[in-house]
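This report concerns only the one structure given below.
Protein chains in written order, with the working numbering: chain A, 1 to 149; chain B, 1001 to 1257.
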């Protein structure tokens, strides 16, 4: 091997080793790098107790109740539910059935008291007409399911 | 002993592409590429922005604010691609000791840093009206900020050495070590739950309306052409600066702008 080839092998080897090391570190950190806990994790007591953390999921349809600036809603990951209370102005994209991330503490009563509520939107971009066509198709599908039952 | 330009050209004569590893040979080529890419960048940006702002529909969820995507996504992609290109040239430079490869990586770094800054800045302006915050420390945003710091660290370290060759080698290590951050940025939204949404465009599929996607891809090519154009401009400056005194440059009077 020439000197240049040796150096190339050395560099490639070093980069590979470094990547492997990074992968291991990230694997060890995988839970700590999560931005929020899901309701399932909260119910399984995986979220920190008595400390501020974030819970994220979808705002359950029909769960939002407002009295003045006080809002209560339920966050769901379709298997578990965490009830949330919050006082303040919600982001524009906060909507039932859409993504949400709330930061706060979990009370002993199982209610999550949020200090901050952020909306999490998805990666779909489409004109309003396409969205309403999809919504209509979904409703029609649900109706036909009901008739079949 | 330093080889003359003629000797190194003779040595590489068997393989035509090696000839362009010589700064003297590459200088006029870079000028040509720069001109073509400037033209491409301007035309594509005009077309892309026109489609994005006047032809693409409003988004069903976000309204008009989503249109920042036509700047944000191309800038974020280029920030990652330029870093990989920079790391590639650094690896080549370290392995083969070619002068031009380090010049290429130095030429790319400021552009990459600007792309990362633009991605973070437009992202903040997009985040406020949609998420409700300018900034959160989620995996995607944090790893992109680290990318900007890596660019700045690379530029600063290279400039800190009086001996340019030492600076080349030291800063090349930052570029190579930092390259592991790029896949982390890309996959962060899959590996961890983040506030940032997942990828709209993946190889072979997309979750965007066709007109929106078309505008975004045209803008991406425009950004690509811009990055190449300014990098070529900078590499020519690097060549003149570093090859000062070389025979082919002479006094520098014969160099066409």
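A virtual CB, placed ideally from N, CA and C, is assigned to each residue, including glycine.
Asked	Found
Could I get the ranges of all uninterrupted alpha helix (DSSP H) runs contained in the stretch 1037-1114 of chain B, with 4 residues as the minimum, in chain order?	1069-1096
Any residues in the stretch 1038-1070 of chain B with a beta carbon nearer than 8 angstroms to a beta carbon of chain A? Which ones, in chain order?	1057, 1058, 1059, 1060, 1061, 1062, 1066, 1069
Residue 1054(B) to residue 1141(B), Cα distance in whole Å?	29 angstroms
When you compare the CB positions of residue 1180(B) and residue 29(A), do they come within less than 8 angstroms of one another, or not?	no
Kindly indicate which residue of 1099(B), 1147(B), 1170(B) has the alpha-carbon position closest to the one of residue 1023(B).	1099(B)
Rounded to whole angstroms, what is the Cα-Cα separation between residue 63(A) and residue 116(A)?	18 angstroms
May I ask you to list, following chain order, the residues of the stretch 91-112 of chain A that have a beta carbon less than 9 angstroms from some beta carbon of chain B?	91, 92, 93, 94, 95, 98, 99, 101
Decide if the stretch 1148-1157 of chain B is in contact with the stretch 1127-1134 of chain B; the criterion is three or more beta carbon pairs, one per stretch, under 8 angstroms apart.	no
State the Cα-Cα distance for the pair residue 1249(B) and residue 1230(B), rounded to the nearest angstrom.	22 angstroms
Please state whether the Cβ-Cβ distance between residue 1267(B) and residue 1196(B) is less than 8 angstroms.	Residue 1267(B) lies beyond the residue range present for chain B, which begins at 1001 and ends at 1257; the question has no answer from this structure.
Short check: CB of residue 1192(B) to CB of residue 35(A), under 8 angstroms?	yes
Using a Cβ-Cβ cut-off of 8 angstroms (strictly less than) and excluding sequence neighbours within five positions of residue 162(A), which residues of its own chain qualify?	As shown, chain A starts at 1 and ends at 149. That puts residue 162(A) outside it, with no answer to give.
In three-state terms, what does DSSP make of residue 118(A)?	strand
Where in the stretch 46-110 of chain A do unbroken runs of the beta strand (DSSP E), each at least 3 residues long, occur, reported from the N-terminal end onward?	53-59, 65-67, 70-76, 81-87, 99-106
Could you tell me whether the stretch 1106-1124 of chain B touches the stretch 1069-1088 of chain B, using the rule of 3 or more Cβ pairs below 8 angstroms?	yes
If we ignore side chains and look at the alpha-carbon of each, how far apart do residue 122(A) and residue 99(A) end up?	8 angstroms
Classify residue 1140(B) as helix, strand or coil using the three-state DSSP reduction.	helix
So, is the C-beta of residue 1198(B) closer than 8 angstroms to a C-beta in chain A?	yes
Measure the C-alpha to C-alpha separation of residue 1085(B) and residue 134(A) and round it to an integer number of angstroms.	41 angstroms
Answer with buried or exposed for residue 1070(B), where buried requires no fewer than 16 other C-beta atoms within 10 angstroms of its C-beta.	buried
So is residue 46(A) in contact with chain B if we call contact Cβ pairs under 8 angstroms?	no
Going along chain A in order, which residues have a C-beta closer than 9 angstroms to the C-beta of residue 1131(B)?	91, 93, 101, 118, 119, 120, 121
Is residue 1230(B) close to chain A, meaning its C-beta is less than 8 angstroms from at least one C-beta of that chain?	no
Within 8 angstroms (strictly less), CB to CB, does residue 131(A) reach chain B?	yes
Under the rule that 16 or more other beta-carbon atoms within 10 Å means buried, what is residue 1064(B), buried or exposed?	exposed
Please look up how many angstroms separate the CB atoms of residue 1215(B) and residue 1094(B), rounded, as I've assumed it's under 8 angstroms.	So it is not a contact: roughly 40 angstroms between Cβ atoms.
Under a three-way DSSP split, which group does residue 126(A) fall into?	coil
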